[in-house]
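Just below is one structure, and these are the notes that go with it.
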Amino acid sequence: MHISVLLEECINYLNLRDDSIIVDCTLGYGGHSSEILKRIKNGYLYSFDQDLEAIESSRKRLSSIGDNYEIIYSNFVNLYEEMKKRGTKIDGILYDLGVSSPQLDEDERGFSFHNDARLDMRMDKNNKLSAYEVVNNYTKEELTSILYKYGEEKFAPSIASKIVSYRANKKIETTLELVEIIKSAVPEKYRRDKHPARKTFQAIRIEVNKELDVFESSLRQALDLIDVNGRICVITFHSLEDKICKNIFKEVSSVDETLKRMPIIPENMLPKFKVIANISPSDKEVESNMRSRSARLRVIERIR
Ligand SMILES: C[S@@+](CC[C@H](N)C(=O)[O-])C[C@H]1O[C@@H](n2cnc3c(N)ncnc32)[C@H](O)[C@@H]1O
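Sequence positions in the sequence shown follow our numbering and run 91 to 394.
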């Protein structure tokens, strides 16, 4: 089961009205989408996901609430194109990034370092690139680079070397095979702290799904699409995603340095956005849902 993170906070910050038009970029198992739909009886909800299993399960959930919604099976990197086709105003956009609990729990998806499965990690099963190709075909330098960049893994060179020497004899087929290789590449002490494969798995998942690039591109599209008084809520689960969101929000909500010296800043040069919130889940939420412990919600509003 997937427990939605920061659900109440998102619903409050979206400022929903009965006739709001909302885009949920990450439908997942419909936790946020269904609470939104309940509150916009005369509005409309567009929900994106790139995972057909999540879509099928959420369709039933949303249909039991209303029919004023459309599920768009697409990567949210296509947000602008898809929404321009529909030609509607947009009052709110939500991102609840990362993978859902069912995606993590289903062994065959290969996301988890706890269960044995074929190396996969694709959110969209129609994608060509999977974890298998990354682990077996990337050069040592490429592996080191993604482990540093997307996993902030300090043992990146050593893990990359072990992967390359192991696969010289045999392809790396499964998640637990990879876990054993990682364990053999890091010091004993590191193995006792958090799970030693956590950062490597995060890095490979980000690479497979191009998570940071698509998020950055999509968030910029969202800023172009949102109407005046509309809000964008973003829930991130690690510092790399959060940094992208923080920097973009700062960029679009700040007055340009060169304009600060002017006695009066012309209205059309003032920032179009205002940062509304930057919060973490309450202690109570973290206690009841461990997955929320690294979550952060940032909210921005279009003010002109
Ligand atoms: C954390 S879950 C969302 C959970 C949902 N808010 C809920 O409460 O049930 C993230 C979902 O977003 C989807 N997703 C992640 N990145 C995506 C992308 N670039 N395009 C479309 N869907 C994406 C995943 O497939 C997953 O189903």
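Idealized CB from N, CA, C, for every residue including glycine.
Original post:
For V189, which residues of its own chain have a beta-carbon under 7 angstroms away from its beta-carbon, when the five flanking residues on both sides are left out?
Top reply: In the sequence shown, the residue the question calls residue 189 occupies position 99. Result list for V189: F201 and M213, in chain order.
**OP:** Could you tell me if the beta carbon of T116 falls within a distance shorter than 6 angstroms of some heavy atom in ligand 1?
**Re:** Here residue 116 refers to the residue found at position 26 of the sequence shown. Checking every heavy atom of ligand 1 against the Cβ of T116, one is found closer than 6 angstroms.
Original post:
Expressed to the nearest angstrom, what Euclidean distance is found between the alpha-carbon atoms of I262 and V269?
Top reply: To locate residue 262, count along the sequence shown from 1; it is residue 172. To locate residue 269, count along the sequence shown from 1; it is residue 179. Going by the C-alpha atoms only, they are around 10 angstroms apart.
Subject >> Cα-Cα separation, K350 to K340 >> reply: By 1-based counting over the sequence shown, the position of residue 350 is 260. By 1-based counting over the sequence shown, the position of residue 340 is 250. In a straight line, the C-alpha of K350 is about 15 angstroms away from that of K340.
Subject >> Three-state secondary structure assigned by DSSP to V276 >> reply: Mapped onto the sequence shown, residue 276 falls at position 186. Shown here, V276 sits in coil according to DSSP, grouped into three states, outside any helix or strand.
Original post:
Cα-Cα, which of K174, N158, S154 and L187 is closest to S384?
Top reply: Sequence index remark: in the sequence shown, residue 384 carries index 294 (1-based). Of K174, N158, S154 and L187, the residue nearest in Cα terms is L187.
Original post:
Is it the case that the CB of A385 approaches a heavy atom of ligand 1 more closely than 6 angstroms?
Top reply: For the purposes of this step, residue 385 is identified with residue 295 of the sequence shown, where counting begins at 1. With a cut-off of 6 angstroms, the C-beta of A385 is classified as distant from ligand 1, since no heavy atom of the ligand falls inside that distance.
Original post:
Distance, Cα to Cα, T116 vs F166?
Top reply: Walking along the sequence shown from the start, residue 116 turns up at place 26. Walking along the sequence shown from the start, residue 166 turns up at place 76. In a straight line, the C-alpha of T116 is about 8 angstroms away from that of F166.
Original post:
What's the call for G177, buried or exposed, on a 16-neighbour Cβ count within 10 Å?
Top reply: Along the sequence shown, one-based indexing puts residue 177 at 87. A residue is called buried once 16 or more other Cβ atoms fall within 10 Å of its Cβ, and G177, having fewer, is exposed.
**OP:** Report the partner residues of Y136 according to the DSSP bridge assignment.
**Re:** The residue given as residue 136 occupies position 46 in the sequence shown. In DSSP, Y136 forms a bridge with V113 and E160.
Original post:
Does the beta-carbon distance from M101 to G133 come in below 7 angstroms?
Top reply: As a first step, residue 101 is located in the sequence shown; it is residue number 11 there, counting from the start. As a first step, residue 133 is located in the sequence shown; it is residue number 43 there, counting from the start. In the sequence as presented, Met is not what sits at residue 101; that position holds Ile. Result no, Cβ atoms of I101 and G133 do not sit closer than 7 angstroms.
Original post:
On the premise that I393 lies in contact with F363, defined as a C-beta separation below 8 angstroms, what is that separation, rounded to the nearest angstrom?
Top reply: By one-based count along the sequence shown, residue 363 stands at place 273. By one-based count along the sequence shown, residue 393 stands at place 303. Rounded to whole angstroms, the Cβ separation of F363 and I393 is 6 angstroms, and the two are in contact under 8 angstroms.
**OP:** Assign N299 to one of two classes, buried (16 or more other C-beta atoms within 10 Å of its C-beta) or exposed (fewer than that).
**Re:** Against the sequence shown, residue 299 aligns to sequence position 209. With a 10 Å radius around the Cβ and a threshold of 16 neighbouring Cβ atoms, N299 comes out buried.
**OP:** Give a single yes or no on whether Q292 has its beta carbon closer than 6 angstroms to a heavy atom of ligand 1.
**Re:** As a position in the sequence shown, residue 292 is number 202, starting the count at 1. Incorrect: Q292 has no Cβ contact closer than 6 angstroms to ligand 1.
**OP:** Note down the Cα distance separating L315 from I180, rounded to an integer number of angstroms.
**Re:** For this step, residue 315 is matched to residue 225 along the sequence shown. For this step, residue 180 is matched to residue 90 along the sequence shown. Taking the CA atoms as reference points, L315 sits about 7 angstroms from I180.
Original post:
Of all the options E125, Q292, G120 and L209, which has the alpha carbon lying nearest to the alpha carbon of L104?
Top reply: For this step, residue 104 is matched to residue 14 along the sequence shown. Of the listed residues, the one whose Cα sits closest to L104 is E125.
Subject >> Any non-hydrogen atom of ligand 1 closer than 6 angstroms to M213 Cβ >> reply: Stepping through the sequence shown from its first residue, residue 213 is reached at position 123. Checking every heavy atom of ligand 1 against the Cβ of M213, one is found closer than 6 angstroms.
Original post:
Which two residues bound the contiguous beta strand (DSSP E) that contains V342?
Top reply: Here residue 342 refers to the residue found at position 252 of the sequence shown. No beta strand (DSSP E) holds V342; the alpha helix (DSSP H) holding it covers S329 to S343.
Original post:
When you compare only the Cα positions, how much space is there between N379 and L96?
Top reply: The residue you call residue 379 lines up with position 289 of the sequence shown. The residue you call residue 96 lines up with position 6 of the sequence shown. Cα to Cα, the separation comes out at about 10 angstroms.
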